[in-house]
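Q: My structure is below; once you've seen it, I'll send some questions.
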Amino acid sequence: MDIGFMQGRLCDRVDGKIQAFPWLNWEKEFPLAQQLGMSLMEWTLDQERLYENPLMTVSGRQRIRELSLQHGVRVLSLTGDCFMQAPFFKASGAVREELLRDLHAIVQACADLGMRYLLIPLVDNGSLTSAAEEDALLDGLLPLRERLTAAKLKIVFESDFEPERLARFIARFPEGAFGLNYDIGNSAALGYSASQEIASYGHRIDNVHVKDRILGGTTVPLSTGNANFPEVFRALHAVGYEGDFILQTARADVDHVGAIDRYRAMTLAWWRDNGP
37 MDIGFMQGRL
47 CDRVDGKIQA
57 FPWLNWEKEF
67 PLAQQLGMSL
77 MEWTLDQERL
87 YENPLMTVSG
97 RQRIRELSLQ
107 HGVRVLSLTG
117 DCFMQAPFFK
127 ASGAVREELL
137 RDLHAIVQAC
147 ADLGMRYLLI
157 PLVDNGSLTS
167 AAEEDALLDG
177 LLPLRERLTA
187 AKLKIVFESD
197 FEPERLARFI
207 ARFPEGAFGL
217 NYDIGNSAAL
227 GYSASQEIAS
237 YGHRIDNVHV
247 KDRILGGTTV
257 PLSTGNANFP
267 EVFRALHAVG
277 YEGDFILQTA
287 RADVDHVGAI
297 DRYRAMTLAW
307 WRDNGP
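Count along the sequence shown starting at 1, add 36, and that's the number in my numbering.
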C-alpha cells in the first residue's frame, strides 16, 4: 500500500479549476513530492490540448521517465478526465471513431510508460444515462482486452451507480483487464453506504481516491464533509484491499505542500487504526 497524490495538488490551480493538467508546473511537482517523501503521483489528462500533454508525446514520456528516476516518484495511474469531457460512448459516427482513436492512443501511451491503471470517470458529463450508452462503452472497450492484459494495464471505472447496479456493471467486464476506482468523497456526496458498496464489489477495486464531500455538494477538506473514513477503511480491510490511495483532496489556497502532507498523515492513520 502506498499513498500518492493527484497531479496538480502540489501547485496552484489552473484557471481556478479544482483539477486540470498543470501546464506551467508539472515538472516542479516531482521535486516537491520528493521533499515530502511521496513516491506516487496520478497523472491527469484533459481533452483540450490532448496530444500536447507530455504523456502523449515521445519526448514528453522520456522527460517523465527522467523526472521519475531522478526524484523517486512513480507515475502508475492516469485519471482520464478527457473521457468525461468528451465521452466516446455518447457520440456516434465520425465523432465516435475519432474519440476511439484517442482512446487507443492513450492506452498506447500509458502502456509505453509502464502505467498500471487508466481511470475512466463515468460521472458528471461521463455518467451512463441509458442501457445504450453502457453497451456503447462495452463495444468500445472490450476489444482492448488482450492489449491491456499484455501491457499489464487495467482500465478502472469511477462510477455514480448505486452498489448493486455497479456490481452488475463491472461483472460484464473481464477481471484481468478491467476494475474499479473507489472515490470516497463521491460516494459520500451520493449518500451511499461505504460498507454496503465495498461489500458488493470490493474484490474489483484496484485504486482508491481519498477525498471528502458534503452530501449532495462539493469537495471539502478531509473530515469536514460526509465521508465516514473509519467505515471506509474497515470495509477495505475486510475485503483484503492491497492497492494504493491517491489524495484527490480539496485544494489549499496557499500551502499546497503542507495540505497534502497533513492529508497523507490522516489517511495513513485511518488505514492503520481501522484494520484487523
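Backbone N, C-alpha and C define an ideal beta-carbon position, used for all residues, glycine too.
In this text, all values refer to a predicted model and were calculated from it rather than measured experimentally.
Report the three-state DSSP secondary structure of residue 131 (helix, strand or coil).
A: As a first step, residue 131 is located in the sequence shown; it is residue number 95 there, counting from the start. The answer is helix: DSSP assigns residue 131 an H, G or I state.
Q: Going by the CB atoms, is the gap between residue 66 and residue 94 shorter than 8 Å?
A: As a first step, residue 94 is located in the sequence shown; it is residue number 58 there, counting from the start. As a first step, residue 66 is located in the sequence shown; it is residue number 30 there, counting from the start. Result no, Cβ atoms of residue 94 and residue 66 do not sit closer than 8 Å.
Q: So residue 257 and residue 301 are in contact, right, with Cβ under 8 Å, and what is the actual spacing, rounded?
A: Within the sequence shown, numbered from 1, the residue matching residue 257 stands at position 221. Within the sequence shown, numbered from 1, the residue matching residue 301 stands at position 265. No, residue 257 and residue 301 are not in contact; Cβ-Cβ is about 13 Å, not under 8 Å.
Q: To the nearest angstrom, report how far apart residue 304 and residue 87 are at their CA atoms.
A: Position 268 of the sequence shown, counted from the start, is the residue given in the question as residue 304. Position 51 of the sequence shown, counted from the start, is the residue given in the question as residue 87. Spanning the two alpha carbons is a distance of roughly 36 Å.
Q: Could you check what DSSP says for residue 302 in three-state terms: helix, strand or coil?
A: Here residue 302 refers to the residue found at position 266 of the sequence shown. Here residue 302 sits in helix by DSSP.
Q: Grouping DSSP H, G and I as helix and E and B as strand, with all else coil, what is residue 360?
A: The requested residue 360 is not part of the displayed model; the chain covers only 37 to 312.
Q: Can the beta-carbon of residue 124 be found less than 8 Å from the beta-carbon of residue 136?
A: As a first step, residue 124 must be located in the sequence shown, where it is residue number 88. As a first step, residue 136 must be located in the sequence shown, where it is residue number 100. Their beta carbons are under 8 Å apart, which means residue 124 touches residue 136 by this criterion.
Q: Looking at the secondary structure, which residues open and close the alpha helix (DSSP H) in which residue 350 lies?
A: Only positions 37 to 312 of the chain appear in this structure, which leaves residue 350 out of reach.
Q: Nearest CA to the CA of residue 233: which residue from 176, 69, 268, 76?
A: On the sequence shown, residue 233 is found 197 positions in, with the first residue counted as 1. Checked all of 176, 69, 268, 76; the closest Cα to residue 233 is 268.
Q: For the beta strand (DSSP E) containing residue 66, list its first residue and its last residue.
A: Start at 1 with the first residue of the sequence shown, and residue 66 comes out as number 30. That residue, residue 66, is in no beta strand (DSSP E); its alpha helix (DSSP H) goes 65 to 72.
Q: Go ahead and pull the three-state DSSP assignment for residue 110.
A: As a first step, residue 110 must be located in the sequence shown, where it is residue number 74. Residue state, collapsed to three classes: strand.
Q: For residue 202, count neighbouring C-beta atoms within 10 Å of its own C-beta (all shown protein chains included) and say buried if the count is 16 or more, exposed if not.
A: Working through the sequence shown from its first residue, we reach residue 202 at position 166. By the 10 Å Cβ count, residue 202 comes out buried.
Q: When DSSP labels each residue in this structure, what does residue 294 get in the three-state scheme?
A: Numbered from its first residue, the sequence shown carries residue 294 at position 258. For residue 294, the three-state secondary structure derived from DSSP is helix.
Q: Which same chain residues end up closer than 8 Å to residue 279 when comparing Cβ atoms and leaving out the 5 residues on each side of it in sequence?
A: In the sequence shown, residue 279 corresponds to position 243, counting from 1. Around residue 279, the same chain offers 37, 241, 242, 243, 244 as residues with beta carbons nearer than 8 Å, after the five sequence neighbours per side are excluded.
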